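**Q**
Residue numbers (my numbering): 401 to 831.
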């Protein structure tokens with residue numbers, strides 16, 4: 401039995417705003433209960449309402465006299481979706497109001513009338529409310545105030561571009577397995593299959609699709625000829641020096657895209673992929689199996705793991721846990737799930753991981769530090785602190801076609817080129 405797509409989307413959103421669950425997980429569950437024809441609508445409403453939640457919640461606060469209680473957040477999630485359809489998608493008011501009034505839970509008798517009244521106010525007052533709220537950053541950027549402040553302070557000349565990029569839908573990008581075919585040949589195969597793409601100016605293994613496509617329609621995907629991976633993320637395997645017969649550590653490896661990319665770079669390299677979550681390591685193995693590659697999998701806390709003297713590596717990829725503020729357009733729930741205190745805690749963890757991994761690197765070896773964040777405290781500030789504490793660490797210059805040199809690593813922004821995410825890289829050699 402399939403359920404109403406708006407009700408399913410509202411439940412997915414509720415699990416994010418009340419339960420702290422990721423949208424990826426909650427949406428997967430919601431779509432499994434929807435008809436095939438409704439799944440795209442469930443995704444559109446879930447992503448859209450969370451993408452613009454800071455703005456939508458501000459609108460709703462102007463037309464709701466008293467904040468809803470925690471036990472009534474299910475009603476709030478319905479209002480959020482209805483407000484999104486009215487304010488952002490500009491769908492006919494009568495249809496939207498009727499849809500959400502109909503799916504209000506029967507056990508809350510007051511809910512139907514309440515939803516009807518609130519959404520009618522949003523529809524009739526939207527223009528005046530937009531004018532009234534236009535001076536507030538939360539409304540104009542659709543970002544929480546704390547994040548607006550951090551981004552404006554860090555990148556005052558780029559902030560508006562970053563906000564705009566975060567509120568767009570990210571493209572689908574493929575990584576070409578160069579052991580299967582060249583990028584030109586790969587693009588030709590996609591064209592023959594009716595899939596239009598363009599080559600990335602940022603990364604020489606990336607093809608950006610004109611339109612997102614089901615992976616099952618991509619020729620050679622199941623055999624590992626292509627993988628889905630943002631072009632900025634693909635740079636990890638291109639920036640880290642990896643030669644034949646080298647020993648490589650991929651720290652925080654799940655879901656395995658970078659692990660497979662590293663194995664595609666050279667012959668007979670030995671890769672150890674580490675992650676703290678055993679279930680996420682299963683994803684790494686699935687990707688390895690699809691790509692026909694092998695790696696040693698290790699479930700461990702990389703910030704504390706005690707590396708033996710015979711476990712030293714030639715190259716280490718440290719794609720560390722971060723705020724993910726560079727991939728908000730792919731994961732709009734970050735606006736809900738992240739809080740300002742998280743940044744300090746993440747910075748401390750990043751420095752701990754970096755210091756521990758340094759002990760596992762051979763002299764003359766390279767460590768590539770990476771995050772999908774745009775916040776300096778997680779990026780070049782971490783590297784500056786590390787370099788000050790480790791006299792045997794030498795920063796290797798990176799120069800890319802987009803972004804900026806921070807003096808302690810290279811920062812990419814989604815707003816510079818809408819085909820790639822926000823990312824940070826710093827390459828360090830052990831002298």
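C-beta: ideal position from N, C-alpha, C; glycine also.
None of the values given here were measured: they were computed from a predicted structure.
Could you check how far apart the C-beta atoms of residue 817 and residue 630 are, in whole angstroms? I think they sit under 8 angstroms.
**A** For the purposes of this step, residue 817 is taken as residue 417 along the chain shown, with counting starting at 1. For the purposes of this step, residue 630 is taken as residue 230 along the chain shown, with counting starting at 1. Actually they are not in contact, since the Cβ atoms of residue 817 and residue 630 sit about 12 angstroms apart, beyond 8 angstroms.
**Q** To the nearest angstrom, how far is it from the Cα of residue 770 to the Cα of residue 702?
**A** The residue given as residue 770 occupies position 370 in the chain shown. The residue given as residue 702 occupies position 302 in the chain shown. Roughly 15 angstroms separates the two Cα atoms.
**Q** By a C-beta neighbour count over all protein chains shown, 10 Å radius and 16 as the cutoff for buried, is residue 469 buried or exposed?
**A** Residue numbering aside, residue 469 sits at position 69 when the chain shown is read from its first letter. Label assigned to residue 469: exposed.
**Q** Rounded to the nearest angstrom, what separates residue 450 and residue 736 at their Cα positions?
**A** In the chain shown, the residue the question calls residue 450 occupies position 50. In the chain shown, the residue the question calls residue 736 occupies position 336. So the two alpha carbons sit approximately 8 angstroms from each other.
**Q** Taking 8 angstroms as the cut-off, does the segment 584–595 touch the segment 616–635 (at least 3 CB pairs, one atom from each stretch)?
**A** They touch, by the three-pair rule.
**Q** Between which two residues does the alpha helix (DSSP H) containing residue 751 stretch?
**A** The sequence position of residue 751 within the chain shown is 351, counting from 1. Its alpha helix (DSSP H) spans residues 740–758.
**Q** Does the distance from the CB of residue 790 to the CB of residue 809 come in under 8 angstroms?
**A** The sequence position of residue 790 within the chain shown is 390, counting from 1. The sequence position of residue 809 within the chain shown is 409, counting from 1. It is not a contact, given that the beta carbons lie outside the stated cut-off.
**Q** On the DSSP letters alone, give me the boundaries of the beta strand (DSSP E) that residue 771 sits inside.
**A** In the chain shown, the residue the question calls residue 771 occupies position 371. Here the beta strand (DSSP E) through residue 771 covers 761–771.
**Q** What ranges does the beta strand (DSSP E) occupy inside the segment 483–515, keeping only unbroken runs of at least 3 residues that lie completely in it?
**A** Qualifying beta strand (DSSP E) stretches: none in this window.
**Q** In angstroms, rounded to a whole number, what distance separates the CA positions of residue 627 and residue 542?
**A** For the purposes of this step, residue 627 is taken as the residue at position 227 of the chain shown. For the purposes of this step, residue 542 is taken as the residue at position 142 of the chain shown. Rounded to the nearest angstrom, the two C-alpha atoms are 32 angstroms apart.
**Q** So, helix, strand or coil for residue 880, using DSSP?
**A** In the structure as shown, the chain begins at 401 and stops at 831. Residue 880 is therefore absent and cannot be evaluated.
**Q** Where DSSP assigns a beta bridge to residue 546, which residues make up the other side?
**A** If you number the chain shown from 1, residue 546 lands on position 146. Note: residue 546 sits in no beta bridge, so no partner.
**Q** Can you list, in chain order, the residues of its chain whose CB lies under 7 angstroms from that of residue 740, leaving out five sequence neighbours each side?
**A** Here residue 740 corresponds to residue number 340 of the chain shown, with the count starting at 1. 546, listed in sequence order.
**Q** By how many angstroms is the C-alpha of residue 434 removed from the C-alpha of residue 635?
**A** Stepping through the chain shown from its first residue, residue 635 is reached at position 235. Stepping through the chain shown from its first residue, residue 434 is reached at position 34. Approximately 37 angstroms, taken between the alpha carbons.
**Q** Taking DSSP as the reference, what is the three-state secondary structure of residue 801?
**A** To locate residue 801, count along the chain shown from 1; it is residue 401. Coil at residue 801, not helix or strand.
**Q** Return helix, strand or coil for residue 793, following the three-state DSSP convention.
**A** Here the question's residue 793 lines up with position 393 in the chain shown. Three-state DSSP puts residue 793 in a strand.
**Q** Just the C-alpha distance for residue 492 and residue 486, rounded to the nearest angstrom, thanks.
**A** Along the chain shown, read from residue 1 onward, the residue named residue 492 stands at position 92. Along the chain shown, read from residue 1 onward, the residue named residue 486 stands at position 86. Looking at the two C-alpha atoms, the distance is approximately 7 angstroms.
**Q** Identify, in the order they occur along the chain, each residue of the same chain with its Cβ nearer than 8 angstroms to the Cβ of residue 420, setting aside the five sequence neighbours on each side.
**A** Stepping through the chain shown from its first residue, residue 420 is reached at position 20. If we look at residue 420 and ignore the five residues flanking it on each side, its Cβ neighbours are 737.
**Q** Cutting at 7 angstroms between CB atoms, please list the residues of its own chain near residue 516, excluding the five before and the five after it.
**A** As a working mapping, residue 516 is identified with position 116 in the chain shown. Excluding sequence neighbours, residue 516 sits near 497 and 501.
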